[in-house]
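The structure appears below as C-alpha cells.
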Amino acid sequence: RIDRVCSIGCGPGNDFSGLIAFLRMHVDSKSLFVLEEASLLDWAIDNWSIILDPLKSYCQEHHCKNVRLGFCDITKPISASENEYVRSCCARKCIFCFSYILTEQREKWKNFIY
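Numbering-wise (the numbering used here), the sequence shown opens with residue 8 and increments by one.
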C-alpha cells in the first residue's frame, strides 16, 4: 500500500493530483483517505502557494490526511542545508514523484542525486 508520497519539484501540484486520481481509480476508491501524508517540495514553493494552498485544503478534506509544503533546491546536493526538508522526508516516504523538474533543470540536478 502506498501511504506516503514526496513530490520533488512539485510546481502547481500536477504530479500529486495525478497520483491521487490514479490511486482513486486503481487502488482504493472506497476509503476516505488514500494517503496518510504528502510532501510537496519546490524551490519556488512560495510562488506556487496561490495554487497549492487551495489544493492542500481540498486534499486534506478528501484524499490525504496531511499535506506539507516545503522548500528544496535540486541544484544542490541532498546533503546541503537547503535540502534538510527533503532528507527528513526520505526516511518516511513510499513513493517519490519527479517529473518536469528533470527536463526543466536538465544537467543541474545531478548533484542532488549523486
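Ideal Cβ placement from N, Cα and C applies to all residues, glycine included.
These figures come from a predicted structure and were not determined experimentally.
Here the C-alpha atom of Glu43 lies approximately 13 Å from the C-alpha atom of Lys63. Our two residues, Ile58 and Ile102, have alpha carbons roughly 23 Å apart in a direct line. With at least 16 other beta carbons inside 10 angstroms of its own, Ser46 counts as buried.
Under DSSP, no beta-bridge partner is assigned to Cys17.
Assignment of Cys97 by DSSP, reduced to helix, strand and coil, places it in the helix class.
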